[in-house]
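Under full-length UniProt numbering, the sequence shown has 139 at position 139, and the numbering climbs by one with no breaks. Note that the Cβ used here is the ideal one computed from N, Cα and C, for glycine as well.
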Amino acid sequence: MSSEKKSTFHDISDPTGLPDFDREFINPDDLRQFENALNAPAASPLIAINDWSPIHQRVRTSHRKRPRRTKDETREGVLYTFLKWPFLITVFAWITVLSFGYVLTRLYIFLYEQWVTWRGKRERLRRELYLQTNYADWLKCAKALDAYLGNEKWKEVDEYAYYDHLTINRVVAQLKKVRKEAEREIQQGQLDPGEISSTEELRSLLEACVKNNFAGVENPRIYSETYSGTKDLVQEYIDEVHACIQLVMDSDCVTGEDKYQHFKHMDTNFGRTALCLSGGATFSYYHFGVIKALLDNEVLPEIITGTSGGALVAALVATRTDEELKQLLVPALAHRIRACHEGFATWIRRWWRTGARFDTLDWARQCSWFCRGSTTFREAYERTGRILNVTCVPSDPHSPTILTNYLTSPDCVIWSAVLASAAVPGILNPVVLMTKKRDGTLAPYSFGHKWKDGSLRTDIPIKALNLHFNVNFTIVSQVNPHINLFFFSSRGAVGGPVTHRKGRGWRGGFLGSAIEQYIKLDLNKWLRVLRHLELLPRPMGQDWSEIWLQKFSGTVTVWPKSVPSDFLHILSDPTPERLARMLHFGKQSAFPKLLFIKNRLKIESAIMKGLQKFSPARSTATSPIISRRRQDQDQVTEEPCDPMVERLDRNLPERFSKYKDESHYAETSDTSLSADSSRPHTPDNRRRSLMEEVRRQSAVFFDNPGLYGEADEVPDGDK
1 MSSEKKSTFH DISDPTGLPD FDREFINPDD LRQFENALNA PAASPLIAIN
51 DWSPIHQRVR TSHRKRPRRT KDETREGVLY TFLKWPFLIT VFAWITVLSF
101 GYVLTRLYIF LYEQWVTWRG KRERLRRELY LQTNYADWLK CAKALDAYLG
151 NEKWKEVDEY AYYDHLTINR VVAQLKKVRK EAEREIQQGQ LDPGEISSTE
201 ELRSLLEACV KNNFAGVENP RIYSETYSGT KDLVQEYIDE VHACIQLVMD
251 SDCVTGEDKY QHFKHMDTNF GRTALCLSGG ATFSYYHFGV IKALLDNEVL
301 PEIITGTSGG ALVAALVATR TDEELKQLLV PALAHRIRAC HEGFATWIRR
351 WWRTGARFDT LDWARQCSWF CRGSTTFREA YERTGRILNV TCVPSDPHSP
401 TILTNYLTSP DCVIWSAVLA SAAVPGILNP VVLMTKKRDG TLAPYSFGHK
451 WKDGSLRTDI PIKALNLHFN VNFTIVSQVN PHINLFFFSS RGAVGGPVTH
501 RKGRGWRGGF LGSAIEQYIK LDLNKWLRVL RHLELLPRPM GQDWSEIWLQ
551 KFSGTVTVWP KSVPSDFLHI LSDPTPERLA RMLHFGKQSA FPKLLFIKNR
601 LKIESAIMKG LQKFSPARST ATSPIISRRR QDQDQVTEEP CDPMVERLDR
651 NLPERFSKYK DESHYAETSD TSLSADSSRP HTPDNRRRSL MEEVRRQSAV
701 FFDNPGLYGE ADEVPDGDK
């Protein structure tokens, strides 16, 4: 390892410089209320206090006799009982053979790439690329590598099989022509009677071409042939569309209402972008590096979802402003990560007594710092403008997964959702979600049901994000170690072309890629057969098949490079040195994807800016951002709030300066965020009846393909 890289890893700052480093946000009363909710008796006459060894504890019930079941009604039949184990043993034996063959295939491809293609000047340029710590220097090295491989010539040629270059050429020419006419029309300031305005014609063109993946311009393949950039025609199209949107926004030839409808239509067609952080125990700390790369280059999406360990990182991001995040995302943050501070002997005693390795209340206390105390999803949205989503799985196998956010569960406390999303059976017992009431105290959410690790069913909730926020472009930071081996881009990934034939071939040759794909699909097939025939055992009463069979990738998938030592520390707190390495490799893995993300957000941000600028006045504000903006503009009206406009209160330039003093939280003590006197009480936003609670719970969305007979998706990380 070079001296430059070592110095980067050991540049550890003073932890006292972190914002709120010594502050404990959580109120002890909140922890007591959480403990009472955990210890509340279950509705069943027999309750299990842990997933490993259920304890049959009698509680008061009706004296009415109930029929006792002696077998699983879903697994009946003479032939099923007779053939189950022989079939299961045979399939597992074949899966073992396939797995061994897959490992040999990947080993062959790895050796081929390392010993045959990465040699000489090409290897030297590649090593320089991986040593860079900021995107500007990385981009220079990537362009040098592209120039050496001849990829710059590929960019100059319009033709390519993965997008419609003829349509894009025509659209770019028309946009340029009409934009120049509109600029001339604006300069002259007059329009002949009966003549159609050029600005109106430009609006029509934009509404026709500003769509998700229009003519294939957002196909990841056209960003996978070079280390930096894409086709010059595609880049020209992105820049021209952005210039036209700006012209329409600044034009006086179109009324404000028409502009609003125009941007609203484009927003619906173009969709939104979301950052999805996977689970993965302590591997999740690689997400910090990915977040830092996106934040430093101003492409951090407003919609963020996290699962298990990724939920903790997402909570930190969603409850902090950009300025606070830039101070927090440093190696010294490791001094605040103390979830695994207890000794091994303590873990063993607790596991033997409760069936869980970690203490729930201690984790709640540690997690609360990352969530700024008992902050709710609505309060986090009001403070930063970011939309946090956390996936939680019910402890019973029949209820659907929920995606908690400021729409489905606005008053749910974030730290309780993060704990629920991280409650892996055997590691942390299922927990109760908590909600903040009108008086600022906490109470059980969702009738006191218990929840556990979201990765067990829905690691990346793409369907739910699309339903709630029109998300059709996902940036997935994937660190789950059990599927890392099976991620293989046979034709290259975004910013990472294949290593031979100048990026135009197949990894390991066509035969090597074909064998890899066949074995992986065959493994997937047999796992699905076992699941649908209900042959798989259920340790701890949990169906574990979904941790292999769900979809783990997105439009853009970032795979931070892990090292073997990460597996040894999979359940331990990182040292500043280890966190520095994770930050470095997390940033490195995100650098190749940044241009693709920048091009996407360049248009999306312009559309959102137009919506915010020309949104009609509303009378009901759900956040201080709306109220203060209205007071400044004197536009308070009696009109009802437009639901489409309500989600536009993010990415506002003034949102951070207005919260610099944080008077909204009335922080008068270390526990002020949780104290009754300092919590922002908004009675109209709190639940007031049982029917209101039922109505809110009916809004929860499940993201379980196959749960009710729906078609399952094949999880391939190769998209």
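*asked:* If distances are taken between C-alpha atoms only, which option among Phe82, Val241 and Asp267 comes closest to Ser615?
replied: Position 615 of the sequence shown, counted from the start, is the residue given in the question as residue 615. Per the Cα distances, Asp267.
- Task: Per DSSP, which residues does Arg272 bridge with? Please list them.
- Result: Position 272 of the sequence shown holds residue 272. Bridge partners of Arg272: Val471.
In three-state DSSP terms, what is Cys371? The sequence position of residue 371 within the sequence shown is 371, counting from 1. It is coil, neither helix nor strand.
- Which stretch, first to last residue, makes up the beta strand (DSSP E) that contains Ile607? Counting from 1 along the sequence shown, the entry for residue 607 is found at position 607. No beta strand (DSSP E) contains Ile607, which is instead part of the alpha helix (DSSP H) from Leu594 to Phe614.
Measure the C-alpha to C-alpha separation of Ala142 and Ser589 and round it to an integer number of angstroms.
-> Working through the sequence shown from its first residue, we reach residue 142 at position 142. Working through the sequence shown from its first residue, we reach residue 589 at position 589. For Ala142 and Ser589, the distance between alpha carbons rounds to 13 Å.
Start-to-end residues for the beta strand (DSSP E) that takes in Val558: Counted from its first residue, the sequence shown places residue 558 at position 558. That run of the beta strand (DSSP E) goes Val556 to Val558.
Same chain only: Cβ atoms within 8 Å of Leu295, ignoring 5 sequence neighbours per side
Along the sequence shown, read from residue 1 onward, the residue named residue 295 stands at position 295. Closer than 8 Å at the Cβ level, and outside the excluded window around Leu295, lie Asp322, Leu325, Lys326 and Leu329.
**OP:** Please list, in chain order, all residues of the same chain as Gly508 whose beta carbon is under 6 Å from its beta carbon, the five residues on each side excluded.
**Re:** The residue given as residue 508 occupies position 508 in the sequence shown. Only Ile109 and Tyr112 meet the Cβ criterion.
Which class does Asn389 belong to by DSSP, given the choice of helix, strand or coil? To locate residue 389, count along the sequence shown from 1; it is residue 389. Here Asn389 sits in strand by DSSP.
Q. Do Val431 and Ala443 have their CB atoms nearer than 7 Å?
A. For the purposes of this step, residue 431 is taken as the residue at position 431 of the sequence shown. For the purposes of this step, residue 443 is taken as the residue at position 443 of the sequence shown. Cβ distance not < 7 Å, so Val431 and Ala443 don't count as in contact.
**Study point:** 8 Å contact criterion, which Ser197 and Val178 should meet: CB distance rounded
**Key:** Start at 1 with the first residue of the sequence shown, and residue 197 comes out as number 197. Start at 1 with the first residue of the sequence shown, and residue 178 comes out as number 178. Their Cβ separation, rounded to whole angstroms, is 10 Å, which puts Ser197 and Val178 out of contact at 8 Å.
Next item on the list: Kindly list the residues whose CB is nearer than 7 Å to the CB of Cys244, restricted to its own chain and excluding five residues on each side of it in sequence; keep chain order.
Entry: Within the sequence shown, numbered from 1, the residue matching residue 244 stands at position 244. Only Leu175, Arg179, Leu202 and Leu206 meet the Cβ criterion.
- [ ] Over the uninterrupted beta strand (DSSP E) stretch that includes Trp451, give me the two end residues.
- [x] Indexing the sequence shown from 1 puts residue 451 at position 451. Segment Lys450 to Lys452, the beta strand (DSSP E) holding Trp451.
Return the chain-ordered ranges of every beta strand (DSSP E) run that is complete within the stretch 266-321 and spans a minimum of 3 residues. 272-277 and 303-306
Practice prompt. Give the DSSP-derived three-state secondary structure of Ser489 in the structure shown.
Written response: Locating residue 489 in the sequence shown gives position 489, counting from the first residue. In the structure shown, Ser489 sits in coil (DSSP, three-state: anything other than H, G, I, E or B).
Exercise. Are His242 and Lys593 closer than 7 Å when you measure CB to CB?
Worked result: Within the sequence shown, the letter at position 242 stands for residue 242. Within the sequence shown, the letter at position 593 stands for residue 593. Against a cut-off of 7 Å, the Cβ pair of Lys593 and His242 comes out as no contact.
(message) Could you give the first and the last residue of the continuous beta strand (DSSP E) run that contains Ala443?
(response) The residue given as residue 443 occupies position 443 in the sequence shown. Counting along the chain, the beta strand (DSSP E) containing Ala443 begins and ends at Leu442 to Pro444.
### Task
Reducing DSSP to helix, strand and coil, say where Pro394 ends up.
Stepping through the sequence shown from its first residue, residue 394 is reached at position 394. In the structure shown, Pro394 sits in a strand (DSSP, three-state: E or B).
- Just how far apart, CA to CA, sit Arg386 and Lys259? Counting from 1 along the sequence shown, the entry for residue 386 is found at position 386. Counting from 1 along the sequence shown, the entry for residue 259 is found at position 259. One C-alpha to the other measures close to 25 Å.
ask   = Around the C-beta of Asp30, are 16 or more other C-beta atoms found within 10 angstroms, so that it is buried, or is it exposed?
value = Taking the first residue of the sequence shown as 1, we reach residue 30 at position 30. By the 10 Å Cβ count, Asp30 comes out buried.
| message | Within the continuous beta strand (DSSP E) that includes Thr404, where are the two ends? | response | Sequence index remark: in the sequence shown, residue 404 carries index 404 (1-based). Residues Ile402 to Thr404.
Check your understanding: Which partner residues does Val413 have in the DSSP bridge list?
Key -> Counted from its first residue, the sequence shown places residue 413 at position 413. Partner(s): Thr376.
**Message:** Can you tell me whether Thr81 is helix, strand or coil according to DSSP?
**Reply:** The count along the sequence shown starts at 1 and reaches residue 81 at position 81. It is helical.
If you draw a straight line from the alpha carbon of Ser416 to that of Glu225, how long is it in whole angstroms?
-> Locating residue 416 in the sequence shown gives position 416, where the first residue counts as 1. Locating residue 225 in the sequence shown gives position 225, where the first residue counts as 1. Ser416 and Glu225: Cα-Cα distance of roughly 44 Å.
- request: Assess, as a yes-or-no matter, whether the stretch 546-563 is touched by the stretch 449-464 under the definition of 3 or more beta carbon pairs within less than 8 Å.
  value: yes
### Task
Locate the beta strand (DSSP E) running through Thr435, then write down its first and last residues.
The residue given as residue 435 occupies position 435 in the sequence shown. Taken as a continuous stretch (DSSP letters only), the beta strand (DSSP E) holding Thr435 covers Met434 to Lys436.
* Between the Cα of Tyr135 and the Cα atoms of Arg357, Leu583, Ala293 and Gly496, which residue gives the shortest distance? -> The residue given as residue 135 occupies position 135 in the sequence shown. With distances taken between Cα atoms, Tyr135 lies closest to Ala293.
Val563, DSSP secondary structure in three states | Position 563 of the sequence shown holds residue 563. Val563: coil per DSSP, three-state reduction.
Original post:
Distance, Cα to Cα, residue 720 vs Leu247?
Top reply: Absent from the structure is residue 720, since the part of the chain shown begins at 1 and ends at 719.
Notebook entry, point to check: Between the beta-carbon of Phe596 and the beta-carbon of Val479, is there less than 7 Å?
Noted result: To locate residue 596, count along the sequence shown from 1; it is residue 596. To locate residue 479, count along the sequence shown from 1; it is residue 479. Against a cut-off of 7 Å, the Cβ pair of Val479 and Phe596 comes out as no contact.
Q. What are the boundary residues of the alpha helix (DSSP H) that includes Ala243?
A. Within the sequence shown, numbered from 1, the residue matching residue 243 stands at position 243. Residues Asp232 to Asp250.
Exercise. Mapping DSSP to helix, strand and coil, what is Gly355?
Worked result: Numbered from 1 along the sequence shown, position 355 holds the residue referred to as residue 355. It is coil, neither helix nor strand.
Quiz item: Which value, in whole angstroms, describes the spacing of the CA atoms of Cys371 and Leu145?
Solution: Taking the sequence shown and counting its residues from 1, one reaches residue 371 at position 371. Taking the sequence shown and counting its residues from 1, one reaches residue 145 at position 145. Their backbone Cα atoms lie some 42 Å apart in a straight line.
Beta-bridge pairing of Ser421 - partner residues as DSSP gives them: Stepping through the sequence shown from its first residue, residue 421 is reached at position 421. Its beta-bridge partners do not exist; DSSP assigns none.
Look up Arg122 in the DSSP assignment and say whether it is helix, strand or coil.
-> For the purposes of this step, residue 122 is taken as the residue at position 122 of the sequence shown. It is helical.
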